[in-house]
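So in UniProt numbering, spot 228 of the sequence shown is number 228, and the numbers just go up one at a time.
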Amino acid sequence: MIRSANLRLGVDPLGGAGVRYWSAIAEHYKLNLEVVNTEVDPTFRFMSVDWDGQIRMDPSSPYAMQGLIGLRERFDVAFACDPDHDRHGIVTQNGLLAPNNYLAVAIDYLFQHRPQWRADAAVGKTVVSSGLIDRVTARLGRRLYEVPVGFKFFADGLFDGSLGFGGEESAGASFLRKDGSVWTTDKDGLIPALLAAEITARTGRDPSQAYAELTAALGEPFATRVEAKANPQQKALLSKLAPEQVKSTTLAGEPIEQILSHAPGNNQAIGGLKVMTANGWFAARPSGTEDIYKIYAESFIDEAHLQRLVAEAQELVDAAIA
1 MIRSANLRLG
11 VDPLGGAGVR
21 YWSAIAEHYK
31 LNLEVVNTEV
41 DPTFRFMSVD
51 WDGQIRMDPS
61 SPYAMQGLIG
71 LRERFDVAFA
81 CDPDHDRHGI
91 VTQNGLLAPN
101 NYLAVAIDYL
111 FQHRPQWRAD
121 AAVGKTVVSS
131 GLIDRVTARL
141 GRRLYEVPVG
151 FKFFADGLFD
161 GSLGFGGEES
171 AGASFLRKDG
181 SVWTTDKDGL
191 IPALLAAEIT
201 ARTGRDPSQA
211 YAELTAALGE
221 PFATRVEAKA
231 NPQQKALLSK
241 LAPEQVKSTT
251 LAGEPIEQIL
261 SHAPGNNQAI
271 GGLKVMTANG
281 WFAARPSGTE
291 DIYKIYAESF
301 IDEAHLQRLV
311 AEAQELVDAA
321 IA
């Protein structure tokens, strides 16, 4: 399908172990695929620096992906993987598609084009992944399997076929083979990348165009992640917060509908708190390495609502761990 569509494909392995894989894949399947950078350098000096001036081989960062983004008009769709090729980044002629946005597109496509998958195969996501995935899953009539951060929680379901797809917000994903059998129980950057080419070839729309159609039907999310200071004692309190310790009944002007300290998919502790309303949510988790906690937030209203949500989330968390 990809070959017959004669798509112009580009890939940047970001100097990692997958450099040699892509030319072999292109040769074996006779794809019009160009590896735009074959350089392998342990200093990674060829990378454009990330937002803070550091070098990170992060295929989800618009800063680290500047090289491939700058070449986007040469290709129908392009992609990159981090050096060990367990994460992906998708570039269309509109630029880099955010990881959460592509996960939603991939799920929507796969569950409509894999008829051999089990009828009860579920969609796996982490508690800090986009609520757009929830809406896509509901429209598909599938079960949502929401777990704490950590790809390990998808392993059993991907192995036995009860999960068709598992994805996390940091651009890690895996899914079943076409026949519904296991491909891998860990993240694989190559298959989501190649799936972007399949989506483009089969539908005639690249993933960013598919995302625009999704949001027109289901709503557009506005998302962010921020950090706030917390000492070790406060971090310990946050990791063990119970829903009843949250005293507020509203968030950013909407009634709070649900407060989670355990993931609904497997009832495992999320190591923090997730608070949800009809049109937004936030999750707060302590950092494992720094004296901070992280707030993940998303609004389906607008950017102003998102900023209000973040501000109130920080107030709520600070009051709970004071």
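Built from N, CA and C at the ideal position, the CB exists for glycine as well.
Per DSSP, residue i forms a beta bridge with which residues?
{"i": "K229", "result": "I292"}
{"i": "E34", "result": "G10"}
{"i": "T250", "result": "P255"}
{"i": "L260", "result": "K274"}
Just reading off the beta strand (DSSP E) that residue i is part of, what are its end residues?
{"i": "F165", "result": "163 to 168"}
{"i": "G280", "result": "280 to 286"}
{"i": "I270", "result": "269 to 277"}
Count the other CB atoms within 10 Å of the CB of residue i; is the residue buried (16 or more) or exposed (fewer)?
{"i": "P148", "result": "buried"}
{"i": "residue 363", "result": "Since the displayed the chain opens at 1 and closes at 322, residue 363 lies outside it and no answer follows."}
{"i": "G18", "result": "buried"}
{"i": "G141", "result": "exposed"}
{"i": "S174", "result": "buried"}
{"i": "H28", "result": "exposed"}
{"i": "R139", "result": "exposed"}
{"i": "Q116", "result": "exposed"}
{"i": "G15", "result": "buried"}
{"i": "A313", "result": "buried"}
{"i": "D291", "result": "exposed"}
{"i": "T92", "result": "buried"}
{"i": "N231", "result": "exposed"}
{"i": "P192", "result": "buried"}
{"i": "D76", "result": "buried"}
{"i": "G70", "result": "exposed"}
{"i": "T277", "result": "buried"}
{"i": "W183", "result": "exposed"}
{"i": "K247", "result": "exposed"}
Is residue i helix, strand or coil when you go by DSSP?
{"i": "L306", "result": "helix"}
{"i": "E220", "result": "coil"}
{"i": "Q245", "result": "helix"}
{"i": "F300", "result": "coil"}
{"i": "L176", "result": "coil"}
{"i": "V149", "result": "coil"}
{"i": "P207", "result": "helix"}
Mind checking which residues open and close the alpha helix (DSSP H) that includes residue i?
{"i": "H28", "result": "19 to 29"}
{"i": "S4", "result": "2 to 5"}
{"i": "G16", "result": "Neither: G16 is in no alpha helix (DSSP H) and is coded neither H nor E."}
{"i": "F159", "result": "155 to 160"}
Worksheet item: Taking only runs of the alpha helix (DSSP H) that begin and end inside the region 53 to 79, which ones reach a length of at least 4 residues, in chain order?
Response: 66 to 69
Fill in: Within the region 86 to 151, ranges of the alpha helix (DSSP H) (whole runs, at least 4 residues)
99 to 110, 131 to 140
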